[in-house]
Every structure is written in structure tokens, then in C-alpha cells.
Amino acid sequence: MGLKQHHRQYDLVILGATGYTGRLTVEHVAARLPPSLKWAIAGRSESKLQALADECAKSNPDMSRPELEIFNVGDDSQVSSLVGKTALVITTVGPFCKYGESVFNACAQLGTHYLDCTGEVPWVARMIKKYQDVAQGSGAIMIPQNGVESAAADLCTWAMVRLLRSKLDAYTKDVVFSVHKASLTPSGGTLATALTIFEHFSLSEVSAIREPYCLSPIPHPEKARPDSSFLQTLFGIRDIPDLGVQTTSVLGAADVPIVERSWGLLSQIPARKDEFYGPRFNFAEYLKPRNWFHGIVIHWALLTSLMVISLIPPVRAIVKRFVYEPGQGISKEEMAKEEVEFRGTATPDAPSSPGKQAFCRAQFHGSLYQLTALHLAQAALTILEDDVGLQGGVYTPACLGQGYLDRVNDAGFKIDVKLLQN
């Protein structure tokens with residue numbers, strides 16, 4: 001399948017190409033996307049971009065060499081000029097609440113397709129509110145949170161729902177998703193985002209994204225999420241059939257609203273209405289700890305750090321002095337030793353199928369940041385090659401459907417689903 005025709009200079013431009021996640025994305029594009037791709041890498045430093053382009057050419061001699069684009073994300077005219085040259089933008093320039101809106105705005109205005117790897121749900125909520133109608137008018141397909149936050153959870157949920165629909169002819173009621181195995185060591189950019197977000201959003205804005213189905217275009221008829229007992233709320237621990245002991249997921253706050261938005265969008269998109277999850281759908285995400293005690297420690301560490309960072313600004317200033325600088329992270333040697341695994345279950349909303357459920361196991365050899373690069377590059381290829389059946393608007397990873405799922409599988413993120421009888 002070839003790249004679709006358009007009248008712009010580039011198929012793809014990667015913004016923030018010399019940053020930690022940006023560099024990994026460039027490497028994945030160079031290694032796995034079609035050699036005929038017309039692409040550019042963009043950033044502030046010409047020397048760093050030149051060195052990265054040289055590395056790509058050396059490692060992948062059959063791949064087209066990326067052009068270099070020097071730009072400053074703080075200059076709106078430069079951003080608009082660059083965005084207007086390409087069919088699709090991947091941006092890894094964060095914190096997005098600080099640097100993201102100019103790119104998002106330009107893509108929405110100019111009809112340029114857009115992908116990012118943010119996990120900043122308050123920012124995403126703001127962008128949806130401001131630019132959904134603009135993107136719809138221009139034809140821009142815009143998918144924020146298409147990295148580890150929140151493509152993995154979204155695609156695995158979509159795959160399990162599809163299995164129940166195809167095998168049992170049933171809607172889905174409850175999905176439980178688990179971060180089963182992953183090193184959650186953050187890069188400098190991720191840490192910078194965590195320490196910056198409370199400087200750009202009020203506590204009320206941050207709290208608002210915890211409301212059920214806050215990003216969904218339609219309300220949930222029950223507006224419900226799975227109930228937790230008092231002890232589960234206090235200690236964060238629960239034992240879930242087929243998934244084992246689970247605790248609070250550090251990725252959950254970003255993933256849950258996106259999966260819930262997919263539920264709403266798939267009930268409305270004309271080409272996707274047969275993929276609707278069902279009127280009583282609910283989603284929950286957890287993390288697999290080593291044991292019960294480890295799970296309690298994780299739960300309380302997350303709660304405590306969130307409260308301290310959000311309520312005590314001097315603590316943020318102190319922490320910033322001791323973390324990776326943006327653009328830094330673990331080495332490639334360390335990444336090569338890492339493995340990522342997610343698991344999940346989906347229960348059909350069908351009394352005629354007692355004890356049956358879908359089970360998902362998704363695996364990747366490498367780091368979470370390499371997985372983010374994979375998601376960004378393969379989503380870009382899906383949009384550039386496929387007729388995805390989407391008009392302009394702000395979407396979710398799952399809205400790209402089977403073509404995207406097939407591509408991430410082929411690229412190394414193996415998503416296997418099967419039917420269980422308990």
C-alpha cells in the first residue's frame with residue numbers, strides 16, 4: 001500500500017526531533033517507514049539535526065534522508081509556515097501545556113494531520129474544546145495522547161471489544177486493563193511536564209478531568225465507573241480474576257479519559273458506528289505490583305507525591321534541581337534490557353454468555369519511550385496510507401482501527417486477544 005497523494009512538500013515532519021522521545025521516533029521512522037517517505041526533522045539546533053540525519057542515513061542507507069527544518073516553537077509564524085508544508089505533524093515538544101498549543105492551533109487551522117505523545121489530560125480537554133470545530137472544518141485528523149499514554153490501553157480495549165462482538169455478538173460491559181510489566185523511569189521531558197502542569201492549570205481544572213467520561217462527546221447513561229470499597233480506596237489494592245493483585249496505575253489518570261472518549265466517539269463516527277462498545281461500558285486501569293505490600297507503597301507514594309507537588313510550589317523548585325534535564329533519559333543499553341507487558345479482560349454485556357470474557361496480552365521488547373516512538377510512527381503511517389474513514393476532528397488512537405492495530409503488531413508491539421471460559 002502506497003502513500004496517499006497530496007500537494008504539500010512533506011508527508012511528515014517530526015517536531016522536537018533531537019529530544020529524548022523525538023530522537024527515538026526519528027529512529028523508528030528511518031528504520032521502518034517506506035523509503036519513499038518525504039519527511040523532515042525539525043528543531044532549534046541545526047548542528048544537532050544534522051548529526052541526527054547523518055546517523056539515520058548511516059543506519060538506514062535505503063531510507064530517504066530527512067530534510068532539516070529550523071524552527072522555534074515559540075514563534076507562531078514559524079510554526080504556521082512549517083505546519084503548512086506537511087501533510088502530517090508528529091510533535092514531541094513538551095510540556096504541551098507550555099509549548100503545544102501553537103502547533104495544535106496551526107494544524108487545526110491548516111488541515112494538517114496531528115499526532116503527539118502528551119499525557120496532559122487538562123491540556124487535551126482544553127484543546128478539544130477550542131479546536132474540535134476548527135479541525136472538523138479544515139479536515140485535520142488530530143490525535144493527542146498517542147504514546148504509551150494512551151495508545152496501548154486504547155488499542156487493547158478496542159481489540160477485546162472487537163473479539164466479543166465478533167465471537168459472541170455482544171456489547172462489552174466491563175474492561176479491566178493492567179500495566180503488568182514496565183519500567184516507569186521517566187525521562188527528563190516527562191519529569192519537566194509533571195513539575196510544570198500545576199503551574200498552568202488550576203486545581204479545579206485538574207480535578208475536572210477525574211470526572212467520569214469528561215472527554216467523551218456524549219454522556220454515559222449511567223455516568224459510572226467501577227465502584228471501589230473503602231479499603232480498596234484507602235490502600236489501592238484489589239485482587240482481580242485472571243490479572244492477580246493490582247494497585248493504582250501511574251498511567252491510569254491519562255488513559256481512562258481517552259478510552260472513555262473512544263467509547264463516545266465510536267458511537268458517532270459514521271464509519272465506526274458498528275464498533276460502538278455498548279451503552280453500559282466501563283473501563284478501569286491498574287498496575288501489577290510485586291505483592292500486596294509493594295502495591296500499598298506504590299498507591300501511597302503516588303498520592304503523597306501528587307499532593308506535595310500540587311500544593312507546595314517550593315517542593316517543585318527543589319525537585320527540578322535533581323532530575324534529568326529535558327532531552328535526557330536512560331541509555332540505549334538500558335532500554336535494550338527492558339520489557340513492557342499489558343494485560344486486560346473484557347466482560348460481555350450478555351446474559352447468554354455466562355463466564356465468558358476476552359483476555360488480552362500485549363508485549364513489547366524495549367522501553368516505554370521506544371513504544372511511544374513506535375505508536376507515533378505507525379499511527380502516522382496509518383493516516384498517510386489508509387482511508388481511515390475519519391473527517392476532521394480531535395480523535396483517539398482507537399479511532400484509527402484495524403490498520404493501526406496491524407501495523408503496531410508488525411512493528412513489535414504484539415497484541416494477542418483470546419476468549420476465556422471461567
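In UniProt numbering, the protein residues as written are 1 to 422.
Beta carbons: idealized from backbone N, C-alpha and C, even for Gly.
Since the structure is predicted, the reported quantities are computational estimates derived from the model, not experimental observations.
For secondary structure counted as the beta strand (DSSP E) over 3 or more consecutive residues, the region 242 to 312 holds these complete runs in sequence order: 244 to 248 and 282 to 287.
Contact fails between the region 97 to 109 and the region 24 to 38, because fewer than three Cβ pairs, one in each stretch, are under 8 Å apart.
According to DSSP, residue pairing for S150 in a beta bridge involves G147. If one requires a minimum length of 4 residues, the alpha helix (DSSP H) runs lying completely within the region 365 to 418 are 368 to 385 and 401 to 411, in chain order. Per the Cβ contact rule, the region 148 to 155 is not in contact with the region 383 to 395 (fewer than 3 Cβ pairs under 8 Å). Judged by pairs of C-beta atoms under 8 Å, the region 373 to 380 touches the region 401 to 417, as three or more such pairs exist. Each residue's CA atom was taken as its position, placing I298 and S229 some 18 Å apart. For R238, the uninterrupted beta strand (DSSP E) segment begins and ends at R238 to I240. The region 237 to 249 and the region 288 to 298 touch, with no fewer than 3 CB-CB distances between them shorter than 8 Å. Note that the C-beta distance between G84 and G43 is not below 8 Å. With a minimum length of 3 residues, the unbroken runs of beta strand (DSSP E) contained wholly in the region 66 to 147 fall at 67 to 70, 86 to 91, 113 to 116 and 141 to 143. With contacts defined as CB atoms closer than 8 Å, G74 and K173 fail to qualify as a contacting pair.
Nearest to L155 by C-alpha distance, out of K38, Q421 and V417, is V417. Inclusion of K288 and H180 in the CB contact set at 8 Å is warranted, their separation being smaller than that value. Here H6 has A87 as same chain residues with Cβ atoms under 8 Å from its own Cβ, once five neighbours each way along the sequence are excluded. By alpha-carbon distance to M160, the top candidate from R407, A362 and A380 is A362.
In the structure shown, S207 adopts helical secondary structure according to DSSP, grouped into three states. The three-state secondary structure of Y10, taken from DSSP, is strand. Straight-line measurement puts the Cα of E339 at about 29 Å from the Cα of K356. DSSP places R343 within a strand segment (E or B) once states are collapsed to three. According to DSSP, R361 shares a beta bridge with R343 and D416.
Buried is the label assigned to L52, since at least 16 other Cβ atoms lie within 10 Å of its Cβ. Distances from the alpha-carbon of L419 to those of A140, L164 and S262 put L164 closest. With a cutoff of 8 Å on beta-carbon distance, A40 and V79 are scored as not near each other. Burial state of P348 is buried, judged by a 10 Å Cβ sphere holding 16 or more other Cβ atoms. Distance from the CA atom of R343 to the CA atom of S166, rounded to whole angstroms, is 20 Å.
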